[in-house]
Amino acid sequence: MATLCMSSSSLVKLHQISPFIHSSFPANPNLLRRSFFDHFTAVNYVPESLKLRARVSLFPFFFTKSEDTESLKQELLEAIAPLDRGAEATPEDQKLVDQIASKLEAANKVKEPLKSSLLNGKWELLYSTSQSILQTKRPKFLRANGKIYQAINADTLRIQNMETWPFFNQATANLVPLNARRVAVKFDSFTIASLIPIKNRGSGRGELEITYLDEELRISRGNQGNLFILRMVDPSYRVPL
2 MATLCMSSSS
12 LVKLHQISPF
22 IHSSFPANPN
32 LLRRSFFDHF
42 TAVNYVPESL
52 KLRARVSLFP
62 FFFTKSEDTE
72 SLKQELLEAI
82 APLDRGAEAT
92 PEDQKLVDQI
102 ASKLEAANKV
112 KEPLKSSLLN
122 GKWELLYSTS
132 QSILQTKRPK
142 FLRANGKIYQ
152 AINADTLRIQ
162 NMETWPFFNQ
172 ATANLVPLNA
182 RRVAVKFDSF
192 TIASLIPIKN
202 RGSGRGELEI
212 TYLDEELRIS
222 RGNQGNLFIL
232 RMVDPSYRVP
242 L
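Everything in the sequence shown is counted per the numbering used here, starting at 2 for the first residue and increasing by one.
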C-alpha cells in the first residue's frame, strides 16, 4: 500500500509513494437479551435458581466481545504511545503492535468499510511502519515532526494527506475500489508548503486495504506490507473537490 502522506523529498520519488487510507452491524444486544429472557421465563415450573444462573451466564455472551475490543484498542494505543509515530519502534515493538492490530482486525465489525459513513472525515496518523513517512535515516529536524492527517470522502472517493510542521505539504488522490475493503490510489495533485501547487495526474499509485474501522480508530495495510493506525479527529471534515 503506498503512503499518501508526503515528505518534501517524497515529491520527487512518486514511484515510491504508498497510500495509507486505507456494514454490517450486530443486532441490538438489549433486544436480543430481552427476547431470550422472555422466552426463558415463559417456561412453566423452572426453578428460580436456574433462571438466575441462566441470566448470569448470558452476560459474557453479550458483552465479552465488545469489552475485549475496547481493551485491545486501549492496549494498542498504549503500545504505540511512546514510539513517536513508529520512528522509535524496535523490531520487537513492531512485532507487538502488529500482533495487537491483528487481533483487532479479527474482531472488525465493519465488513464493507468503503460503504460505511464511519470512513468520512479527518484522521490523525498515530503509527506507521512506512519509511517514506517516518524518514528515520534523516536528522529529526528534516522529518515531518508535526501531526500528519489523512481525510477521506467515501461518497466522492477522494483522499487528502496533510503534513503539518515543518513542511505543510499536501497530496490529493482519487480512490478506485477494488473490493469492499481495498482501493487503488491515484494521486493527481500536490502542494508544497501549502503554497506551491503541482499537478501530476496519473503519477504515484498504490493500493490500500482497510482492515479495521470504527468511529474512533482505523487500521490499514498497504500493498508494500506497511501498517497504518489512525485516530478520528474531525468526522465533519470533507476533502475539497
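For every residue, glycine included, the Cβ atom is placed at its ideal position computed from N, Cα and C.
Exercise. On the three-pair Cβ rule with 8 Å, is the stretch 222-232 touching the stretch 123-138?
Worked result: yes
Exercise. Would you call residue 100 buried or exposed, if buried means 16 or more other Cβ atoms sit within 10 Å of its Cβ?
Worked result: By 1-based counting over the sequence shown, the position of residue 100 is 99. Result: exposed.
Exercise. Apart from the five residues just before and just after residue 119, which ones in its own chain have a Cβ nearer than 7 Å to its Cβ?
Worked result: Against the sequence shown, residue 119 aligns to sequence position 118. Excluding residues up to 5 positions away in sequence, 111, 214, 215 and 216 lie with their Cβ nearer than 7 Å to the Cβ of residue 119 in the same chain.
Exercise. How about residue 238 and residue 147: are their beta carbons less than 9 Å apart?
Worked result: Sequence index remark: in the sequence shown, residue 238 carries index 237 (1-based). Sequence index remark: in the sequence shown, residue 147 carries index 146 (1-based). Taking 9 Å as the Cβ cut-off, residue 238 and residue 147 do not qualify as a contacting pair.
Problem set entry | CB-CB length for residue 70 against residue 108, believed under 8 Å | Taking the sequence shown and counting its residues from 1, the one referred to as residue 70 is at position 69. Taking the sequence shown and counting its residues from 1, the one referred to as residue 108 is at position 107. Right, their Cβ atoms sit about 5 Å apart.
For this session: Leaving out five residues on either side along the sequence, give the residues of the same chain with a beta carbon under 6 Å from the beta carbon of residue 161.
Result: Residue mapping note: residue 161 aligns to position 160 of the sequence shown, counting from 1. Excluding residues within five positions, the ones whose Cβ falls inside 6 Å are 152, 173 and 240.
Exercise. Is residue 106 closer than 9 Å to residue 220 when the C-beta atoms are compared?
Worked result: Position 219 of the sequence shown holds residue 220. Position 105 of the sequence shown holds residue 106. Cβ distance < 9 Å, so residue 220 and residue 106 count as in contact.
Exercise. Does DSSP classify residue 151 as helix, strand or coil?
Worked result: As a first step, residue 151 must be located in the sequence shown, where it is residue number 150. Correct three-state label for residue 151: strand.
Problem set entry | Secondary structure of residue 75, DSSP reduced to three states | By one-based count along the sequence shown, residue 75 stands at place 74. If DSSP states are grouped into helix, strand and coil, residue 75 belongs with the helices.
Exercise. Is residue 212 closer than 9 Å to residue 182 when the C-beta atoms are compared?
Worked result: Walking along the sequence shown from the start, residue 182 turns up at place 181. Walking along the sequence shown from the start, residue 212 turns up at place 211. Yes. Within cutoff.
Exercise. Alpha carbon to alpha carbon, what distance is there between residue 177 and residue 206?
Worked result: As a first step, residue 206 is located in the sequence shown; it is residue number 205 there, counting from the start. As a first step, residue 177 is located in the sequence shown; it is residue number 176 there, counting from the start. So the alpha carbons of these two residues sit roughly 11 Å apart.
Problem set entry | For residue 154 and residue 184, the rounded distance between their alpha carbons | Position 183 of the sequence shown holds residue 184. Position 153 of the sequence shown holds residue 154. About 13 Å.
Problem set entry | Spatial distance of residue 117 from residue 156 (CA atoms) | Within the sequence shown, numbered from 1, the residue matching residue 117 stands at position 116. Within the sequence shown, numbered from 1, the residue matching residue 156 stands at position 155. Rounded to the nearest angstrom, the two C-alpha atoms are 9 Å apart.
For this session: List the endpoints of the continuous alpha helix (DSSP H) containing residue 102.
Result: Here residue 102 refers to the residue found at position 101 of the sequence shown. Residue 102 -> alpha helix (DSSP H) spans 92-107.
Problem set entry | Integer Cβ distance of residue 231 from residue 115, believed to fall under 8 Å | The sequence position of residue 231 within the sequence shown is 230, counting from 1. The sequence position of residue 115 within the sequence shown is 114, counting from 1. Going by Cβ atoms, the distance from residue 231 to residue 115 rounds to 16 Å, so no, they are not a contact pair.
Problem set entry | Inside the stretch 187-213 only - beta strand (DSSP E) runs reaching at least 3 residues | Listed in chain order, the complete beta strand (DSSP E) runs (minimum 3 residues) inside the stretch 187-213 are 197-200.
For this session: Provide the residue span of the alpha helix (DSSP H) that contains residue 132, from first to last.
Result: In the sequence shown, the residue the question calls residue 132 occupies position 131. Counting along the chain, the alpha helix (DSSP H) containing residue 132 begins and ends at 132-135.
For this session: Quickly, what does DSSP pair residue 177 with across the bridge? List them, please.
Result: In the sequence shown, the residue the question calls residue 177 occupies position 176. Note: residue 177 sits in a beta bridge opposite 185.
Exercise. What span of residues does the beta strand (DSSP E) with residue 161 cover, start to end?
Worked result: Taking the sequence shown and counting its residues from 1, the one referred to as residue 161 is at position 160. Note, residue 161: beta strand (DSSP E), 159-164.
For this session: Put residue 242 into one of helix, strand or coil per three-state DSSP.
Result: Mapped onto the sequence shown, residue 242 falls at position 241. Residue 242 falls in the coil class under three-state DSSP.
Exercise. Exposed or buried, what is residue 170 when buried is set at 16 or more other beta-carbons lying within 10 Å of its beta-carbon?
Worked result: Looking up residue 170 in the sequence shown gives position 169. The residue is buried, with at least 16 neighbouring Cβ atoms inside 10 Å.
Problem set entry | residue 194 versus 73, 165 and 89, residue with shortest Cα-Cα distance | Within the sequence shown, residue 194 is the residue found at index 193, counting from 1. It is 165.
Exercise. How many angstroms separate the CA atom of residue 233 from the CA atom of residue 150?
Worked result: The sequence position of residue 233 within the sequence shown is 232, counting from 1. The sequence position of residue 150 within the sequence shown is 149, counting from 1. The straight-line gap from Cα to Cα measures roughly 9 Å.
Exercise. Does residue 74 come within less than 9 Å of chain B when only Cβ atoms are used?
Worked result: Included in the structure is just one protein chain, with no chain B present.
For this session: Return yes when the Cβ of residue 159 is within less than 9 Å of the Cβ of residue 88, no when it is not.
Result: Along the sequence shown, one-based indexing puts residue 88 at 87. Along the sequence shown, one-based indexing puts residue 159 at 158. Cβ atoms of residue 88 and residue 159: not closer than 9 Å.
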